[in-house]
Amino acid sequence: MNVNDSESVAALLDAVGHTRADNENDADVVIINTCSVRGKAEDKALGKAGLLCAAKREQPLVVGIMGCMAQRLGEGIFERIPKLGFIVGARRHGSIPGILARIAAGERGIAEIGEAGEIVDVPHAHLDGGHAAFVTILLGCNRRCAYCIVPDVRGPEHSRAALEVLEEVRTLAAAGIREVTLLGQSVMNYGRTNRVWFDGSAGTNFTEPFPRLLEAVAGVEGIERIRFTSAHPSGCSDELVRAVRDIPQIAPHLHLPVQSGSDRILKVMRRGYTRADYLNAVVRLKAARADFSLTSDVIVGFPGESEAEFEQTRTLMEEAEFDNAFIFKYSPRPGTPAAEMEDSVSEEEKMRRNQVLLADQDRRGQRLNDLWVGRTVEVLADGPSLRNPARWSGRSPQNKIVVFENTGQVAKGELVMVKIDRAAPQTLYGKRC
Ligand code: SF4
């Protein structure tokens, strides 16, 4: 979501005549887009902003902060970094071109935060020339998981009108986009809190708006792959599974955060499902499509997590056969219910549990990726690797990174067939065929 917001700001600035600098040393303006999910991410953003503001330069650099941390800490950031040019809240980044114009006229210290609870649509601008794009379909979140600050900073759930989303997808397809990723904090909740179909095109069935949207996006000419994130087991309805099974453009991959394999911890986290619910969703999705790949998010060391409960997370990850997983050590976020609980698992123990799951995931990733050796996969070419321009990388439908040799014949955004000859836990290697 932050990548999407950053691209949107870049596109808005392009449109009013700003040009992109190759690196921060050549830039007149640096905008840091921030995340509040973990304390470490906030510390890094504040540290970076402080360093940039302190840098000695002939022409003073304008440094701005946008995104969730800006929303959470608000104007308080000026107290820590007085030289900061501006602060823009999570749904207010559409105002950045105007703010830069005010700064060019001599203003400083501008804050545009807004209320976290207000429903404000964000700009949906896109950069030219890409082959894959994010399309935000739902803003905010109503779930209120016990550890999560997102509902406070991104505000309540609000879905965009379906026809507006489709118009955006059509415009993207006409500009050469082949893959769209539909975005929302809890994306399968699309259309459940506000009405999104206004022209009767989905008939009278408004109870399953998200599968309806998937069907409509698949009908846009030129869109060859559809992804969506982030998912929640409660959204894996029969209708959704049927859409995954029957719509060939939907990629056979889902990022389905689980967070814990223990029913007790899931309940304290207020995740709204049990271990059995989660595994049931996995079984149904994997049955719907051959070679369905699954990735997830996991938290270790949540308050009160016992060794046995941690082991339940380990076994769930194995049962679900995650192709990849992002594993986080729990860190309390001020203002969340979990922050009131005793952070009972020591830092060393969190680190140990983190390492155990990473090692498990490495072994599992290797085992699952080995199954691809000898097979041919369709890869959407992303571009050259930084270290060796002859080696290109792209993504398979399963969202696996595939590295292949390109001696000039393949262009960015092309779909190419690659025969896999080697596998690592998170990467497949092969040759074009
Ligand atoms: S679903 Fe839970 S973890 Fe995800 S954004 Fe909403 S509150 Fe946070």
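Per our numbering: the sequence shown = residues 18 to 450.
Every residue gets a Cβ at the ideal spot worked out from N, C-alpha and C, and that includes glycine.
Check	Outcome
Run of the alpha helix (DSSP H) containing Y164, from where it starts to where it stops	No alpha helix (DSSP H) contains Y164, which DSSP labels as neither H nor E.
Rounded separation between I154 and D43 - CA only	35 Å
Given L397 as reference, the closest of N423, V204, E365, T188 once Cα atoms are compared	N423
Proximal residues to A531 (C-beta, below 7 Å), its chain only, five neighbours per side dropped	The requested residue 531 does not occur in the structure, where the chain is confined to residues 18 to 450.
Unbroken alpha helix (DSSP H) run spanning I228, endpoints	At residue 228 the sequence reads Pro, which differs from the Ile that was named. Counting along the chain, the alpha helix (DSSP H) containing P228 begins and ends at 226-235.
Sufficient close CB pairs (3 or more, under 8 Å) joining the segment 307-319 to the segment 331-342	yes
Beta-carbon proximity list for E184, same chain, < 7 Å, skipping 5 on both sides	none
Any non-hydrogen atom of ligand 1 closer than 7 Å to C253 Cβ	no
Residues passing the C-beta test against ligand 1 heavy atoms, cut-off 6 Å	C158, R160, R161, C162, C165, V167, P168, Q202, S203
Between the CA atoms of I243 and A298 - distance to the nearest angstrom	20 Å
Integer-rounded CB distance, given that L144 should sit under 8 Å from A28	5 Å
Host beta strand (DSSP E) of G239 (start-end)	That residue, G239, is in no beta strand (DSSP E); it is neither H nor E in DSSP.
With 16 other Cβ atoms within 10 Å as the buried cut-off, status of T332	exposed
Extent of the continuous beta strand (DSSP E) to which N50 belongs	46-51
Extent of the continuous alpha helix (DSSP H) to which G64 belongs	56-71
Same chain only: Cβ atoms within 6 Å of E132, ignoring 5 sequence neighbours per side	none
Burial state of P406 (16 or more Cβ within 10 Å)	exposed
Per-residue DSSP class, three states only, for N416	coil
Pick from Q378, V285, K367 that is closest to Y164, judged by C-alpha positions	V285
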